[in-house]
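Every position in the sequence shown, counted from 1, becomes a number in the working numbering once 12 is added.
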Amino acid sequence: MPSTFPDATPAGLIGEVRSGMRSLRVRLHTAVHDGELTRALAEGADPKASDELALRARRLTGEHNRRMLARSLRGVIAEAHDPPVLRARAIIGSPRGA
């Protein structure tokens, strides 16, 4: 009876495990080095140059980050239109000896 999985042979399963481990390694490396990868992309690195750069580029341009950026920009614009009132945190008294 044929298998319902495309490649259920031991070699196929080992390939899937290796692929999963590689994927995990790329995700971990990307998470640990996200600042470096972001700088490299900002400096013009090609996202296709490595799996890590490609993943970082996808994360940076993903919906979650776009929403966060939009929310931050709305906050900056709102604050520019209506700046917060600054209040002194210290009581200023007369100079000593006066």
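For glycine and all other residues, C-beta sits at the position ideal for the given N, C-alpha and C.
These numbers were taken from a predicted model, which means no experiment stands behind them.
- Here the alpha carbon of L81 sits roughly 11 Å from the alpha carbon of G74.
- Put simply, the backbone Cα of A69 is about 18 Å away from that of R34.
- Sequence-distant Cβ neighbours of T42 in its own chain, meaning closer than 6 Å and more than five residues away, are E64, L67, R68.
- Annotation for L81: the continuous alpha helix (DSSP H) segment containing it runs 75 to 93.
- By the neighbour-count criterion, in which 16 or more other beta carbons inside 10 Å mark a residue as buried, A52 falls on the buried side.
- For L53, the enclosing alpha helix (DSSP H) has its first and last residue at 46 to 54.
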